[in-house]
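Report on one structure; see the data block that follows.
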Amino acid sequence: MKVATDLRVETAIATRVLAVAGLFDMHGHISIRDGDVVHICDRGASRLTVTPELIAAVRVSDGQRLSEALPPSETALHLAAYRAKPEVRSVAHFHPLYATAFAVAGRPLEPASNAGAFFGGPIPVHDNPELIRTDELGLPVARDMAAASAVLLRGHGALVVGGDVRECVTAALYLEESAQRNHLAAQLGAVRPYTPDEIRRVREMLASRFVVEKTWTYLLEKARVAGALADLR
Ligand SMILES: [Zn+2]
Numbered sequence: 001m002k003v004a005t006d007l008r009v010e011t012a013i014a015t016r017v018l019a020v021a022g023l024f025d026m027h028g029h030i031s032i033r034d035g036d037v038v039h040i041c042d043r044g045a046s047r048l049t050v051t052p053e054l055i056a057a058v059r060v061s062d063g064q065r066l067s068e069a070l071p072p073s074e075t076a077l078h079l080a081a082y083r084a085k086p087e088v089r090s091v092a093h094f095h096p097l098y099a100t101a102f103a104v105a106g107r108p109l110e111p112a113s114n115a116g117a118f119f120g121g122p123i124p125v126h127d128n129p130e131l132i133r134t135d136e137l138g139l140p141v142a143r144d145m146a147a148a149s150a151v152l153l154r155g156h157g158a159l160v161v162g163g164d165v166r167e168c169v170t171a172a173l174y175l176e177e178s179a180q181r182n183h184l185a186a187q188l189g190a191v192r193p194y195t196p197d198e199i200r201r202v203r204e205m206l207a208s209r210f211v212v213e214k215t216w217t218y219l220l221e222k223a224r225v226a227g228a229l230a231d232l233r
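Just so it is clear: in the sequence shown, position 217 is 217 by my numbering, and no numbers are missing.
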């Protein structure tokens, strides 16, 4: 019971952190997996003030709701990612401005900055613009994500995954940073994507636990300083 309570608190904190970071607005959700259960914010809750009581629980294996709180309508996105990638412990779906612009263009996000190299390769685009509300629609998203740790949803938004919640939050920030930098660089002329060897070399330096912890601490403190966590810790 204590574990479940703690994970509801963690999920509420991560949701607020991403809202304060400007990556979530009235939409967006991050989930944390514990065995066959995922914790995720209630579909109607404010992402800025969601409380542990408004964190829903859903079973991964069959999508069964286990809480009074109602999971978001696109929880199928999270379940598809967890089923396809057993090593994943946290998933976020959101509609960040710049990454979604690449999704609108239907263009994979090429690593052309250090933030982009974090992902180890281009971020693919899933072509179906529908809301992903069923397992039938979720499965092809996971298939298109394949070995990547993120996928763009055409005309819609993005999905990122992580080995834990801090990694997932870091990936969410880097996804948007990578898209913003590529977009700005495109105003100056052609973007120079990293070569596979450059991606590998930069990723070796960047995709570390140290960088994940530093990024998480920055975003957590940003939310704390803004007063957005006062009632949670
Ligand atoms: Zn969505």
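Glycine is no exception: its CB is placed at the ideal position from the N, C-alpha and C atoms. Model, not experiment: these values are computed from the prediction.
Mind checking whether PRO72 and ARG8 have CB atoms under 7 Å apart? no
Give me the Cβ distance between GLU178 and GLY116, rounded to the nearest whole Å; I'm assuming they're in contact under 8 Å. Inspection of the sequence shows that residue 178 is occupied by Ser rather than by Glu. The pair is a contact, with the Cβ atoms about 4 Å apart (cut-off 8 Å).
Neighbour-count burial assignment, ARG166, 16 or more Cβ in a 10 Å radius: buried
3-residue-minimum beta strand (DSSP E) runs that sit fully inside the region 60-99, ordered along the chain: 90-94
Extent of the continuous alpha helix (DSSP H) run through LEU137: First-last of the alpha helix (DSSP H) with LEU137: 135-145.
Confirm the yes/no value for this check: CB of GLU74, any heavy atom of ligand 1, distance under 6 Å. yes
Range of the contiguous beta strand (DSSP E) that encloses LEU109: Element bounds for LEU109: n/a, residue is neither H nor E.
Looking at the structure shown, is ALA57 part of a helix, part of a strand, or coil, going by DSSP? strand
HIS78 versus GLY227: straight-line alpha-carbon distance, rounded: 29 Å
Pick helix, strand or coil for GLY116, following the three-state DSSP scheme. GLY116: helix per DSSP, three-state reduction.
Under three-state DSSP, which class holds ALA27? Just to set this straight, residue 27 is His in the shown sequence, not Ala. The answer is coil: DSSP assigns HIS27 none of H, G, I, E or B.
What separation, rounded to the nearest whole angstrom, lies between the Cα atoms of VAL169 and ALA158? 13 Å
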